[in-house]
Amino acid sequence: MTRSLLGLGMLALASMAFALALGSVTVSPADLWQVIQGEGSTLHRTLLLDLRLPRTLAAFGTGGLLAVAGALMQVLLRNPLADPYVLGLSGGAAVGALLAMLMGMGTLIISGSAFAGAMLATVLVFGLAHGTGSWTPSRLLLTGVVVAAGWGAVITLMLAITPSYKLPGMLYWLMGDVSYARSPWPAVVVLAVSVVLIMPLARNLNVLARGAMQAAALGVSVRPLEWTIYVLASLLTATAVTTAGSIGFVGLIVPHMLRLILGNDQRIILPASALAGGTLLVLADTLARTVIAPEQLPVGVITALLGVPTFLYLLHRSR
Amino acid sequence: MSTLNTRDLIINVPGRPDGFALNMSIEPGQVWGVLGPNGAGKTTLLHTLAGLLPARSGQVQLNSAPLTALKRRVIARQLGLVFQERQDSFPATVLETALIGRHPWLSPWDSEQGEDQRRAEQALTTLDVDHLSDRLLNTLSGGERQRVAIATLMTQNPNIWLLDEPTNHLDLHHQVKVMNLMRDQAGAGKTVFLCLHDLNLAARWCSHVLLLYTNGDACWGPVANMLVPDALERLYDQRLITLQADGLTVFVPAP
Amino acid sequence: MVSHWLNFRFALGFLVAFLAHPTSASEMQRCAVDDTGKELCLSAPAQRVITLSPGATELMFAAGAGDKVMAVVNYSDYPPAALELPLIGSHTRVDMEALMALDPDLVVTWVTGNPPAQVELLDELGVPTFAIEPRTFAGVSSVIERLATLAGTELEGYAEAERFRVGIAALTQQYAGVEPIPVFYQVWEKPLMTVNNEHLIGKVLKLCGGVNVFGDMQRLIPRISAEVVLQADPDAILTGSVDGVSDDQLDEWKKYAGLTAVEKNNLFFVPASPISRPTPRLLDAIQTVCGKLESARENLESARENL
Numbered sequence: 001m002t003r004s005l006l007g008l009g010m011l012a013l014a015s016m017a018f019a020l021a022l023g024s025v026t027v028s029p030a031d032l033w034q035v036i037q038g039e040g041s042t043l044h045r046t047l048l049l050d051l052r053l054p055r056t057l058a059a060f061g062t063g064g065l066l067a068v069a070g071a072l073m074q075v076l077l078r079n080p081l082a083d084p085y086v087l088g089l090s091g092g093a094a095v096g097a098l099l100a101m102l103m104g105m106g107t108l109i110i111s112g113s114a115f116a117g118a119m120l121a122t123v124l125v126f127g128l129a130h131g132t133g134s135w136t137p138s139r140l141l142l143t144g145v146v147v148a149a150g151w152g153a154v155i156t157l158m159l160a161i162t163p164s165y166k167l168p169g170m171l172y173w174l175m176g177d178v179s180y181a182r183s184p185w186p187a188v189v190v191l192a193v194s195v196v197l198i199m200p201l202a203r204n205l206n207v208l209a210r211g212a213m214q215a216a217a218l219g220v221s222v223r224p225l226e227w228t229i230y231v232l233a234s235l236l237t238a239t240a241v242t243t244a245g246s247i248g249f250v251g252l253i254v255p256h257m258l259r260l261i262l263g264n265d266q267r268i269i270l271p272a273s274a275l276a277g278g279t280l281l282v283l284a285d286t287l288a289r290t291v292i293a294p295e296q297l298p299v300g301v302i303t304a305l306l307g308v309p310t311f312l313y314l315l316h317r318s319r
Numbered sequence: 001m002s003t004l005n006t007r008d009l010i011i012n013v014p015g016r017p018d019g020f021a022l023n024m025s026i027e028p029g030q031v032w033g034v035l036g037p038n039g040a041g042k043t044t045l046l047h048t049l050a051g052l053l054p055a056r057s058g059q060v061q062l063n064s065a066p067l068t069a070l071k072r073r074v075i076a077r078q079l080g081l082v083f084q085e086r087q088d089s090f091p092a093t094v095l096e097t098a099l100i101g102r103h104p105w106l107s108p109w110d111s112e113q114g115e116d117q118r119r120a121e122q123a124l125t126t127l128d129v130d131h132l133s134d135r136l137l138n139t140l141s142g143g144e145r146q147r148v149a150i151a152t153l154m155t156q157n158p159n160i161w162l163l164d165e166p167t168n169h170l171d172l173h174h175q176v177k178v179m180n181l182m183r184d185q186a187g188a189g190k191t192v193f194l195c196l197h198d199l200n201l202a203a204r205w206c207s208h209v210l211l212l213y214t215n216g217d218a219c220w221g222p223v224a225n226m227l228v229p230d231a232l233e234r235l236y237d238q239r240l241i242t243l244q245a246d247g248l249t250v251f252v253p254a255p
Numbered sequence: 001m002v003s004h005w006l007n008f009r010f011a012l013g014f015l016v017a018f019l020a021h022p023t024s025a026s027e028m029q030r031c032a033v034d035d036t037g038k039e040l041c042l043s044a045p046a047q048r049v050i051t052l053s054p055g056a057t058e059l060m061f062a063a064g065a066g067d068k069v070m071a072v073v074n075y076s077d078y079p080p081a082a083l084e085l086p087l088i089g090s091h092t093r094v095d096m097e098a099l100m101a102l103d104p105d106l107v108v109t110w111v112t113g114n115p116p117a118q119v120e121l122l123d124e125l126g127v128p129t130f131a132i133e134p135r136t137f138a139g140v141s142s143v144i145e146r147l148a149t150l151a152g153t154e155l156e157g158y159a160e161a162e163r164f165r166v167g168i169a170a171l172t173q174q175y176a177g178v179e180p181i182p183v184f185y186q187v188w189e190k191p192l193m194t195v196n197n198e199h200l201i202g203k204v205l206k207l208c209g210g211v212n213v214f215g216d217m218q219r220l221i222p223r224i225s226a227e228v229v230l231q232a233d234p235d236a237i238l239t240g241s242v243d244g245v246s247d248d249q250l251d252e253w254k255k256y257a258g259l260t261a262v263e264k265n266n267l268f269f270v271p272a273s274p275i276s277r278p279t280p281r282l283l284d285a286i287q288t289v290c291g292k293l294e295s296a297r298e299n300l301e302s303a304r305e306n307l
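Protein chains in written order, with this note's numbering: chain S, 1 to 319; chain X, 1 to 255; chain Y, 1 to 307.
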């Protein structure tokens, strides 16, 4: 167990080093070293410390958040196809963000509005599913899917009525872009704290994954645990979406891939998801900003291009 | 060794008026069989005894303590349950599934030790599924999955064993094997309580029987007193022929 | 001609004013207020400029500072010299590293064109930014002058601004007495979009004596349905196309034989680029549009005579 986590940790560090070393402007290892030591030219310092470092940290934090949220959602819903957005969280965040953009608000308010929208979506689905009496995975999923569709309709409406010049900004937010992240610290801190908090619950999650009744019979307090996971996953997703918009694939594919390689133990899968999700997004973002520079690609395209073939390969191999 | 008591227990079957109040004492060394037609509430009773469903009235006591006053974890160390229906769950291997049974005994920071592993493997061997250890659960047949579920209970090793129709899907050889296992466990001091579809299994292996009628009536007692053709015919709304062979009593539906 | 004389007078006047002041660079703070109301002061004329929109590029060249522009974004295609300049991404996704590596002393942004997050990042990194987006003819002249001030190209820039001003005045006078003609300007076919009178295109139409049938609508670029166009029944329909060459964007209207504009053969194409950007090329755009509307009036006239 520790070996695989160590390996993933090394991979994560390597990917971040890779991200810091690469960009539209070539920075040699010697220059990199100088900057680390506190010297180096102003340009290099700006490039590394003001541009690449915050962006890399934001990418890592966001990727980790999405992957862990995805893993939690998959256990909560007992469904390998669940992702962080399946219960309409990103929809709510999008509506919050787009509304703020429509009203011409600044970036801080847009972020706050996105977060509020995500939390509202959480409460809404929670309330609806709870109110109907039985909080089973299928019911939760169904409620979430319907609410997500509702948000989608609202988003479409907003895109339709917005003045044309606001459209590009909205579309780019919807596509997700790490370059728009104002500060990496919320993402990184929330990720670190959450992983630490969830580890004691990981064993219980293993049991919960066998089925709610079975878990109860084995001594797990199912309802409180499910609520905890739900709120935590929502918090993680809301932070991720607020930081970099809705980036797809990471939350669905990373936990899945890890399960194919490492098995089902949540005590490994959860921290591994944080590391692997962060690594994937750092690599994807680095490619997105360098592969056809100065053209910049949306990072969601790269995560799909990287994630899908890798996943298909693993699926094929596991047969 | 643990005892399960019911005090004026009336189970909650939605839409059905109160049934007969149950006052049973389910003790170590006993193998109880619950018989009744579909819809009589056998599964509801089992889940109520396990503390997963609230009773309509009355109490379930575990070693004289009301079940409702006990923590889930404490209950799980004394009492284990094999469900009738497989629940929607995540893919896992057979060994992982059996190992889950050790959960009530481990704290959040423990990982499964050699001893836990050994118990799980032994349980799988007893149920003849050890050769499937690394297979994914959803690739197994119904009977094999049933045996894995029983092995999980065995790994959990509680004092009270509750099983909901454990012989479903099993071939004849394994039906006999599982029922023998029940008797052996009771002999070793466990308290065993099963729901059964097949009254002949009850006749042969159970020490006590509870008859649950669709309308809520119930009667219970030692097997010899309970397996009377009159009561059984009323239970199943089916005329029966009683046969004796090799010292065994067998009931078959009358033509 | 009046315009040449004005040009010369202005240039002379400026030269005098320029020479009358001590010219040490460190004393001469160049300040200008951008189109968001923010004031930017540079201690020396900007020499290393980056523009983050095609309009900004064009206006920079108009201000006489084209040779100071180091890099541009996609679609900066006018003047032709701009095509030679290196790219640093698109107006919504700028390659920040490439931008910082060029060490600009002025970045010209577009008020509604660049994402606020990117402009904020530039501000945080200490890069001087200047946001522009003229909405009126006077605004075009003003922005050229302000850019010229920042770039130290006042001679050329102010002259160009004056040329534009004078040009607008002349055209306004020329077309002051023409017969008003109801007109519809199609900005986009699918979805169907037009402009109101606040939009620069709307002002162009007005100058030429066109009465924009959707002029009073609230939004700058309203999305409308074909039905309201049929109801308004304009005498002429105009749209922009590449180089003003006829293409299929107005074909939909030909289905409606009853539409006056179709009947009288008043479907016109104008070059899209000059009319869509708030730059000195608007003078060309105005001349083109006014010409088309003249033809439209002639078509209506001859149709009436033939009755």
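Cβ atoms here follow ideal geometry from the backbone N, Cα and C, with glycine treated the same way.
Remember, it's a predicted structure, so these values are computed and weren't measured experimentally.
Nearest CB-CB separation between S:S194 and chain Y: not below the 7 angstroms threshold. Listed along chain Y, no residue sits closer than 7 angstroms to S:L283 by beta-carbon distance, the nearest being about 17 angstroms off. For S:M16, the enclosing alpha helix (DSSP H) stretches over residues 2-21.
Annotation: S:L11 to S:F60 spans about 12 angstroms, alpha carbon to alpha carbon. In this structure the segment 264-275 of chain S does not touch the segment 79-94 of chain S; the number of beta carbon pairs closer than 8 angstroms is below three.
One finds R210 in chain S with Cβ atoms closer than 9 angstroms to the Cβ of X:T97, taken in chain order. Between Y:A82 and Y:T57 a beta carbon distance of about 5 angstroms is seen, short of the 8 angstroms cut, so the two are scored as contacting. Apart from the 5 residues on each side of it in sequence, S:A192 has no Cβ closer than 6 angstroms to any other Cβ in its chain. Per the DSSP secondary-structure output, Y:T129 pairs in a beta bridge with Y:V107. For the segment 134-162 of chain X, the continuous alpha helix (DSSP H) assignments of 4+ residues that do not extend past its boundaries occur at 142-156, in sequence order. Sequence-ordered contacts of the segment 220-241 of chain S with chain X read V220, S221, V222 [C-beta pairs closer than 9 angstroms].
S:K166 and Y:Y78 have their C-alpha atoms some 24 angstroms from each other. Listed along chain S, no residue sits closer than 9 angstroms to X:A202 by beta-carbon distance, the nearest being about 23 angstroms off. Of all residues in the segment 147-181 of chain S, only A160, I161, P163, S164, Y165, K166, P168, G169, L171, Y172, W173, D177, S179, Y180, A181 place a beta-carbon less than 9 angstroms from a beta-carbon of chain Y. According to the DSSP assignment, X:P222 belongs to the beta strand (DSSP E) that extends over 218-222.
Along the segment 91-117 of chain S, the positions whose C-beta sits under 7 angstroms from a C-beta of chain Y are G106, T107, read in chain order. The beta carbon of S:V25 sits no closer than 7 angstroms to any beta carbon of chain X.
The beta-carbon separation of S:A209 and X:S2, rounded to 28 angstroms, does not stay under the 8 angstroms limit for a contact.
Between the beta-carbon of X:G51 and that of X:L67 there is about 5 angstroms, and that keeps the pair under the 8 angstroms contact cut. When rounded, the separation of the alpha-carbon atoms in S:Y180 and X:P91 is 38 angstroms. Here Y:K68 has Q47, V49, A151 as same chain residues with Cβ atoms under 6 angstroms from its own Cβ, once five neighbours each way along the sequence are excluded.
Straight-line measurement puts the Cα of S:N264 at about 47 angstroms from the Cα of X:M226. The C-beta distance from X:D134 to X:T97 rounds to 11 angstroms, too long to fall under 8 angstroms, and the pair is not in contact.
Below the 8 angstroms Cβ cutoff, chain Y contributes no neighbours of S:L305, its closest Cβ being approximately 17 angstroms away. For Y:N74, the CB contacts under 6 angstroms within the same chain, skipping 5 residues up- and downstream, are S90 in chain order. When DSSP states are grouped into helix, strand and coil, Y:G89 belongs to the strand group. When DSSP states are grouped into helix, strand and coil, X:G187 belongs to the helix group. The C-beta of S:P294 comes closer than 7 angstroms to at least one C-beta of chain Y. Rounded to whole angstroms, the separation of the alpha carbons of Y:P54 and Y:L42 is 23 angstroms. Within the DSSP secondary-structure output, Y:Y185 pairs in a beta bridge with Y:L238. For X:H208, the pairing in a beta bridge is given by DSSP as X:W32, X:P222. Counting along the chain, S:Q37 sits inside no beta strand (DSSP E), nor does DSSP assign it H or E at all.
Contacts with chain S at 7 angstroms (Cβ-Cβ) include Y:G89.
Nearest C-alpha to Y:R146 among Y:A169, Y:L230, Y:E39: Y:E39.
Close partners of X:G80 in chain S (Cβ separation under 9 angstroms): A217, L218. Bridge pairing for X:A65: X:L62 [DSSP].
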